[in-house]
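A.B. asks: Sharing a structure here in structure tokens format.
Number of protein chains: 2
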Amino acid sequence: MRTFSVPVGISNRHLHLSEEHINQLFGENSTLTKKKDLSQPGQFAAEETVTLIGPKGKLEGVRVLGPARDETQIELAVTDAIKLGLNISARDSGNTEGTPGINISAGDKKVSLERGVIAAMRHIHASEDDALQYGIKDKDMVKVLFEGPRGGILHNVLVRVKSTYALDLHIDTDEANALGLKNGDTGTVIIED
Amino acid sequence: MRTFSVPVGISNRHLHLSEEHINQLFGENSTLTKKKDLSQPGQFAAEETVTLIGPKGKLEGVRVLGPARDETQIELAVTDAIKLGLNISARDSGNTEGTPGINISAGDKKVSLERGVIAAMRHIHASEDDALQYGIKDKDMVKVLFEGPRGGILHNVLVRVKSTYALDLHIDTDEANALGLKNGDTGTVIIED
């Protein structure tokens, strides 16, 4: 068994928009305005927010992340989805086959999304150097241990390796709250050889 | 190492009220009206609901559980508490020293609670027969394993033994959603001797 430490980054509910949907929601030829950089290089929180409208409720002020993507994707905690009346499952980013849709509004503009609402599968971002150093590779599944009064071990944590990534464990608010974690806390990756 | 199976019961946010607070919120000499029995014998969900008002937000339709208790106690998921603007910690039931207060309203009646908002520490209810059969005792701390795509192991699960208890693992909505659990799913208790 080998172990190494990762910093915890908690993802609040958010969405990624296609250029087409950015134009439909914020006006023709509009672009996202950067509010602040995120831990992964090139990614940013935008000034733009939307309202998500599901069959049972709505969520206001949901943050758009940039840059634009090929396909619109909405990442919620399961707690959020239950409030909206949606049944979502944990998916790797981009795997939206068979996922529920939702209505997205910004001011008086609206987009009706046919699919793309997921619970992001918990995952570790790692650079190629990190992967070499820690003996992991893209698509590995590992376990991560957390200490503390609400400690425990999360299984099935997906490893994603890319030269531009910074080492970071991304979990959602349900996972963080269940385990008593805050941004910047540390988890211990467990690799069972 | 020994193991045994427990059924999972998910506690939505709820509160227990003292007789004094029942009278203040629902009228002099009022009592709670049973809506349905809960898994633990004698405990019930009441018809009565309240609004919880915190420094940053409010939650409507929060269910009162009966019967009345000596002290009012509000059990929230951390996700709920963040919405209300409260910083809560995982506590054993009844251990409300140093916990935040909140305003409770029902119609035009209001109670200002000085303390008593907690995240219930995850726990297993077991009868004395269960305890004998599975080799556990009151106040033991055990681990519980869950299978599935969001599986994992929760540490520091408190054992509570009482003759009237039915075997049940109680977790909150954050814990259930983080681990992909539904009511009636099964966990495996792990006892490391």
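Chains as they are written, first to last, in this note's numbering: chain A, 1 to 193; chain B, 1001 to 1193.
Backbone N, C-alpha and C fix where the C-beta goes; we use that ideal spot for every residue, glycine too.
1. Mind reading off the beta-carbon distance from B/Lys-1083 to B/Leu-1059? Whole number of angstroms is fine, and I expect it under 8 Å.
2. Exposed or buried, B/Ser-1005, counting other C-beta atoms within 10 Å across all chains shown (16 or more means buried)?
3. Which of helix, strand or coil does DSSP assign to B/Ala-1200?
4. In angstroms with no decimal places, state the Cα-to-Cα distance between B/Thr-1173 and B/Ala-1081.
5. Under the rule that 16 or more other beta-carbon atoms within 10 Å means buried, what is A/Asp-37, buried or exposed?
6. Taking C-beta pairs closer than 9 Å, name the residues in chain A that B/Leu-1154 reaches, listed in chain order.
7. If I follow the unbroken alpha helix (DSSP H) through A/Thr-173, where does it start and stop?
8. How many Å lie between B/Lys-1149 and B/Ile-1136 at the Cα?
9. Mind reading off the beta-carbon distance from B/Gly-1107 to B/Val-1117? Whole number of angstroms is fine, and I expect it under 8 Å.
10. What residue from A/Asp-193, A/Lys-162, A/His-155, A/Thr-164 has the CA that sits closest to A/Gly-187's CA?
11. Residues of chain B with a CB under 8 Å from the CB of A/Asp-193: which are they?
12. Can you tell me the Cα-Cα spacing of B/Ile-1190 and A/Glu-20, whole angstroms?
13. So, with DSSP's three-state summary, where would you put B/Ile-1088?
14. Kindly list the residues whose CB is nearer than 6 Å to the CB of B/Gly-1057, restricted to its own chain and excluding five residues on each side of it in sequence; keep chain order.
15. For A/Ala-166, which of helix, strand or coil comes out of DSSP?
16. For A/Val-78, go through chain B and note every residue whose CB falls closer than 7 Å to its CB, in chain order.
17. Determine the direct distance from the alpha carbon of A/Gln-73 to that of A/Gly-94, and round the result to whole angstroms.
18. Would you give the residue range spanned by the alpha helix (DSSP H) that A/Leu-132 belongs to?
19. Kindly say whether A/Asp-174, judged by its beta-carbon, lies nearer than 7 Å to any beta-carbon of chain B.
20. Kindly indicate which residue of B/Asn-1087, B/Glu-1071, B/Gln-1024 has the alpha-carbon position closest to the one of B/Leu-1015.
21. Thinking B/Leu-1032 and B/Val-1064 are a contact (beta carbons under 8 Å), I'd like their distance in whole angstroms, please.
22. Quick check: is any heavy atom of the ligand COA less than 6 Å from the C-beta of B/Ala-1176?
23. Taking the beta carbon of A/Glu-28 as the centre, do at least 16 other beta carbons fall within 10 Å, making it buried, or is it exposed?
24. If you measure from the beta carbon of B/Ala-1090 to each beta carbon in chain A, is any gap under 7 Å?
25. Output needed for B/Arg-1091: all residues of its chain with C-beta closer than 8 Å, excluding positions within five of it in sequence on either side, in chain order.
26. Give me the DSSP bridge partner(s) of B/His-1016.
27. In whole angstroms, what is the alpha-carbon distance linking B/Leu-1179 and A/Thr-79?
28. How far does the beta strand (DSSP E) with A/Met-141 in it extend, from its first residue to its last?
29. The beta strand (DSSP E) with A/Arg-2 in it runs from where to where?
30. By the DSSP assignment, the beta strand (DSSP E) with A/Lys-36 in it spans what residues?
C.D. replies: In terms of the structure at hand:
1. B/Lys-1083 to B/Leu-1059, Cβ: 7 Å. Contact.
2. Counting Cβ neighbours within 10 Å, B/Ser-1005 comes out exposed, since fewer than 16 surround it.
3. Past the edges of chain B, shown from 1001 to 1193, lies residue 1200 of chain B, and the structure says nothing about it.
4. So the alpha carbons of these two residues sit roughly 12 Å apart.
5. Classification of A/Asp-37: exposed, given that the 10 Å Cβ count is below 16.
6. The answer, in chain order, is Arg-150, Gly-151, Gly-152, Ile-153, Ala-178, Leu-179.
7. A/Thr-173 -> alpha helix (DSSP H) spans 173 to 178.
8. The sequence shown places Pro at residue 1149 of chain B, not Lys. B/Pro-1149 and B/Ile-1136: Cα-Cα distance of roughly 29 Å.
9. Not confirmed; about 21 Å, so no contact.
10. Closest in alpha carbon position to A/Gly-187, among A/Asp-193, A/Lys-162, A/His-155, A/Thr-164, is A/His-155.
11. Chain-ordered listing is empty here: chain B has no CB closer than 8 Å to the CB of A/Asp-193, the nearest sitting near 19 Å.
12. In this structure, the CA atom of B/Ile-1190 is about 51 Å from the CA atom of A/Glu-20.
13. If DSSP states are grouped into helix, strand and coil, B/Ile-1088 belongs with coil.
14. Setting aside the 5 residues that flank it on each side, B/Gly-1057 is surrounded in the same chain by Lys-1083, Leu-1084, each with a C-beta closer than 6 Å to its C-beta; the list follows chain order.
15. Of the three classes helix, strand and coil, the one that applies to A/Ala-166 here is coil, per DSSP.
16. Correct list: Asn-1177.
17. Approximately 7 Å, taken between the alpha carbons.
18. Under the DSSP assignment, A/Leu-132 falls in the alpha helix (DSSP H) whose first and last residues are 128 to 134.
19. By this cut-off, A/Asp-174 is an interface position.
20. The alpha carbon of B/Leu-1015 has as its nearest neighbour, out of B/Asn-1087, B/Glu-1071, B/Gln-1024, the alpha carbon of B/Glu-1071.
21. So it is a contact: roughly 6 Å between Cβ atoms.
22. As presented, the structure is devoid of all ligands, the ligand COA included, so that no description of it is given.
23. Counting Cβ neighbours within 10 Å, A/Glu-28 comes out exposed, since fewer than 16 surround it.
24. By this cut-off, B/Ala-1090 is an interface position.
25. The beta carbon of B/Arg-1091 is closer than 8 Å to those of Thr-1099, Ile-1118, Ala-1119, Ala-1120, Met-1121 in its chain, skipping five residues each way along the sequence.
26. Paired residue(s): B/Leu-1065, B/Gln-1073.
27. Roughly 12 Å between the two C-alpha positions.
28. Note, A/Met-141: beta strand (DSSP E), 141 to 146.
29. Segment 2 to 11, the beta strand (DSSP E) holding A/Arg-2.
30. Judged by DSSP secondary structure, A/Lys-36 falls within the beta strand (DSSP E) whose first and last residues are 34 to 37.
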